[in-house]
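Structure, as structure tokens:
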Amino acid sequence: MDNTKLISKIKKFPEVPGIYIMRDEKQTPLYIGKASSLRHRVLSYFQRPQETRLEKMLEQVKVIEIQKTDSVIEALFSESNLIKKYKPKYNIKLKDDKTFLGIFITKEDWPRVMPARLTQKLPEGEFFGPFPSSGQVREALQILRKIFPFRASCKPMSGKACFEYHLGMCPGVCAGKVDQKDYQRTVKQIRLFLQGHKKEVIRDVEKQMKELAKNLEFEKAAKLRDTVFALRHIQDVALIAEDDLKHPEDVPERIEAYDISNISGAFAVGSMVVFSEGLIDKAQYRKFKIKTVSGANDIAMLSEIFRRRFEHSEWPNPNLILVDGGKGQVNGAKEVLKDKKLEIPVVGIAKGPKRDKDEIIADEKLSVDKKLLLRIRDEAHRFAISYYRLRHQKSLK
């Protein structure tokens, strides 16, 4: 595959945030991605060997179109909007998948803005997304909230300011600090921003600012001036740090890791931690009190946890399962998956005499970085230990 001409064009791409669209000879989008540096990100596809599926895709790529954005957060939202519009063949993770996290705006007198999944029971409202990384959704909402303070969960007009109001993240819906019409206008601006219409948002805020200045409401006008400045100078360093340095397919979307904690079978508990796109997703963590196993039998305890976990069809299935243990733990997990008619790779980490000697037990060669697997294993261990200590301390009272 000779991509000399294509690579020559890519080297001229700007080193700015944006969206890239890989198209075939019929101009059909094959893959859409985002980048904090368009040149660096797109070049990375052609600078190292790829897995078979990606190689097949790259053989079909004839044109790569780019769209520059002013910030990574805008690239994040544009990527999701374009994937939803074109449904490219190789964006397999986001196509028609309801388990991924998105942003939801409720249809209420005082709308809430919050992270959500379409698998949840949601009120009437509008869903934006989904997005490939739960961590990036939450980080994007934090950035957005600094520009447009919004209501997430507080009770409107309760007469008492919520904690988030004191942090500058809620406009005071709870305490009657904001006019309903003004708040609904803010939500409309958030909606436009999520749809990729930042320039339109800036025009609307500037118009609002001039109206306030004309009415001699200079303090409110000054706040809107700050909003315009923030929109033009979005600080999204955290999102840049999370921008895909590897190809999205290299890291499973959802990794679940399990660990058991007990002393001679007493106060036995288990943990399930979740990493989405390689990032901690604490909202998905679960803990289990062992109910059916007596004595120190970690393999049987893990099997119990797996049976209970996969009774929850509303929880998204993982793309990879990680267990702290050797072949016994791995085989125990596989037996449960076989009973449930599920085909999910299971990886074990058997402890070695030293951390760097830990053995990875897997049926196939993994593209996931060993350091990431160790980090996830350690997090599962920490979560299990903390729950065990809590149970033990309660027994002493």
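Numbered by my numbering, the letters in the sequence shown go through residues 1105 to 1501 in order. Think of the CB as a built atom: it goes at the ideal place given N, C-alpha and C, for glycine as much as any other residue. Small disclaimer: the values here were computed from a predicted structure and weren't measured.
Candidates the options, of which the one nearest residue i by Cα
i, options, result
"residue 1283", "1365, 1254 and 1143", "1254"
"residue 1298", "1355, 1248 and 1268", "1248"
"residue 1231", "1207, 1240 and 1377", "1207"
"residue 1472", "1300, 1418 and 1450", "1450"
"residue 1223", "1486, 1420, 1478 and 1436", "1420"
"residue 1125", "1495, 1193 and 1316", "1193"
"residue 1409", "1393, 1443, 1424 and 1453", "1393"
"residue 1118", "1477, 1166 and 1139", "1139"
"residue 1226", "1214, 1210 and 1241", "1210"
"residue 1380", "1438, 1476 and 1320", "1476"
"residue 1107", "1330, 1130, 1149 and 1123", "1149"
"residue 1133", "1274, 1165 and 1122", "1165"
Residues bridged to residue i (per DSSP)
i, result
"residue 1364", "1374"
"residue 1358", "1380"
"residue 1220", "1206"
"residue 1452", "1427 and 1465"
"residue 1390", "1376"
"residue 1169", "1125"
"residue 1489", "Its beta-bridge partners do not exist; DSSP assigns none."
"residue 1255", "1216"
"residue 1230", "1209"
"residue 1137", "1124"
Own chain, CB closer than 6 Å to residue i, minus 5 neighbours either side, in chain order
i, result
"residue 1385", "1238 and 1378"
"residue 1411", "1440"
"residue 1487", "1375 and 1377"
"residue 1290", "1252"
"residue 1114", "1146 and 1147"
"residue 1228", "1211"
"residue 1214", "1255, 1260 and 1277"
"residue 1489", "1365"
Neighbourhood of residue i by C-beta, 7 Å cutoff - its chain only, sequence neighbours within 5 removed
i, result
"residue 1484", "1361, 1362, 1363, 1375, 1377 and 1428"
"residue 1493", "none"
"residue 1246", "none"
"residue 1368", "1400"
"residue 1335", "1251, 1302, 1305 and 1306"
Rounded Cβ spacing between residue i and residue j (contact assumed at less than 8 Å)
i, j, result
"residue 1293", "residue 1305", "5 Å"
"residue 1235", "residue 1184", "5 Å"
"residue 1481", "residue 1426", "6 Å"
"residue 1256", "residue 1216", "6 Å"
"residue 1432", "residue 1403", "5 Å"
"residue 1465", "residue 1430", "6 Å"
"residue 1190", "residue 1161", "Residue 1190 to residue 1161, Cβ: 15 Å. No contact."
"residue 1244", "residue 1187", "Wrong, their Cβ atoms sit about 16 Å apart, outside the cutoff."
"residue 1127", "residue 1169", "6 Å"
"residue 1309", "residue 1331", "5 Å"
"residue 1422", "residue 1358", "5 Å"
"residue 1462", "residue 1453", "5 Å"
Chain-order list of residues whose beta-carbon lies under 8 Å from that of residue i (same chain, five-residue window excluded)
i, result
"residue 1280", "1261 and 1263"
"residue 1415", "none"
"residue 1316", "1322, 1324, 1325 and 1328"
"residue 1405", "1364, 1366, 1372, 1374, 1394 and 1397"
CB contact check: residue i to chain C, cutoff 8 Å
i, result
"residue 1385", "Absent from the structure: chain C. Only one protein chain is present."
For the pair the region 1385-1395 and the region 1317-1331, tell me if three or more CB-CB distances fall below 8 Å.
no
Flag this pair as touching only if the region 1173-1182 and the region 1215-1229 have three or more C-beta atom pairs under 8 Å; answer yes or no.
no
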